[in-house]
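First residue of the sequence shown? That's 14 in the numbering used here, and the numbers climb one at a time after it. Ideal Cβ positions, reconstructed from N, Cα and C, are used throughout, including at glycine. Inspection log for the structure reproduced underneath, given as structure tokens.
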Amino acid sequence: MGSLVYQVISSAALLTLGMYHLISTTRNYLKSPHAYAAKPFHPFPYPRRLPLYLIILSLLLAMAHHLLVSADADPLVRGATAVHRITSLQSAATLFLFLLLAFALLIADASPALLPLSPDLSFALASVLFLLHAALASARAALQTSAIEAKCLSVSANLSHLSALLCLLLAALPRLFPADAALSATFCLRGLWALQSGLSLYADAFIPEGCHRLLDVTSGVEGSTQCDLDESKLRAVAILDLAFLIHAIIVVLIVLLTYALFARSFGGRRLGSYEALPTAASPTDPNHSLIQMKALTGTQA
């Protein structure tokens, strides 16, 4: 139950972060396309650094969860080493690096003279951290005895690879709005996938047919959800692939709807403005009588 609650909280945090970044990025771009530049941190109206505070709090809670999971005894026969302890500590260490980056952004915003952290350097550091997270997730997927959990970790690793690429693009091309919007979309998609992973692994009503949770295994430990037959494994993986496509469609619709709403508000007159030419001279125009005289002369001739 604890692992499911953690996945739900992670999903809410990632979705909130992705939506806030998407709204802020789209608004800034449509408001002033020529002055637009990607930012790793969008200030809140009040208090200004509220997004960073929430990110730091979420990372601290995630680290605490992984440290608690690493303290449980491994009930599975996996040799002399408790594999899940090592992988949980690796996850906590990766989150600690993201926490350091969040603190660096906080200090840079509060005191630029103390830590002049430029946006391009911030995106470059984030790219490295996402690559590290992708490598660890891929390694954890290779160690899994559960086909469902391995699939969930594999998708998470692919999303981290995509996030790393987008951060690298923004570090080199900070005015590339599609990359910034896509980065926001990856956070939203990661949030939906965290919820899907929690439901597929720890909620009995959502575990694919032919798979089940092991009652004598602590929830959240690798291999706690197993599929008995190869056919059940293949069906479970296919269901997860379909769920991922549905989540991707939802995220694309969210991005398009957000862009359309802001474009309708003020983007249209910024990007496609024009001034209508006058169709008739005004009676108060001093040249109005002159125009009429010329027209009359031309008619008489």
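- The DSSP-derived three-state label of T158 is coil.
- Per the Cβ contact rule, the region 35-48 is in contact with the region 263-278 (3 or more Cβ pairs under 8 Å).
- Around the beta carbon of A150, 16 or more other beta carbons sit within 10 angstroms, so the residue counts as buried.
- Within its own chain, the residues whose Cβ lies closer than 8 Å to the Cβ of E244, once the five positions on either side in sequence are excluded, are G223, listed in chain order.
- Within the same chain, Cβ atoms closer than 7 Å to the Cβ of I120 are found at L127, L128, the five residues on either side in sequence being excluded.
- In this structure, the beta-carbon distance from S83 to S71 does not fall below 8 Å.
- Excluding five sequence positions before and after M76, the CB atoms of its chain that fall closer than 8 Å to its own CB belong to A105, L108, F109, L112, given in chain order.
- Pairing F57 with R226, the inter-Cα distance amounts to about 43 Å.
- For the 8 Å CB-CB criterion, S197 and H79 do not form a contact.
- Counting along the chain, R226 sits inside the beta strand (DSSP E) bounded by residues 224-226.
- In this structure, the straight-line span from the alpha carbon of L166 to that of A154 is close to 5 Å.
- With a cutoff of 8 Å on beta-carbon distance, P53 and F143 are scored as not near each other.
- Classified as exposed, S45 has fewer than 16 neighbouring CB atoms from the shown chains inside 10 Å of its CB.
- Burial check for V168: the Cβ neighbour count within 10 Å reaches 16 or more, so the residue is buried.
- Ranked by how close their Cα comes to the Cα of L145, the residues L172, D133, L156, A163 have L172 in first place.
- L208 sits away from S16, with the two beta carbons spaced by 8 Å or more.
- S124: not part of any alpha helix (DSSP H); DSSP gives it neither H nor E.
- Per DSSP, the beta bridge partners of T238 are R226.
- For the region 157-191, there is no continuous beta strand (DSSP E) assignment of 3+ residues that stays within its boundaries.
- Distance from the Cα of A115 is smallest, within the candidate group V250, L73, V268, A195, for L73.
- With a cutoff of 8 Å on beta-carbon distance, L30 and F200 are scored as near each other.
- The three-state reading of DSSP puts I68 in helix, counting H, G and I together.
- Cβ atoms of I259 and P221 stay farther apart than 8 Å, at about 15 Å.
- Excluding the 5 residues flanking it on each side, C180 has same chain C-beta neighbours closer than 8 Å at F136, A137, A139, S140, F143, L196, in chain order.
- Residue range 243-275 is occupied by the alpha helix (DSSP H) that includes L274.
- Burial state of D241 is exposed, judged by a 10 Å Cβ sphere holding fewer than 16 other Cβ atoms.
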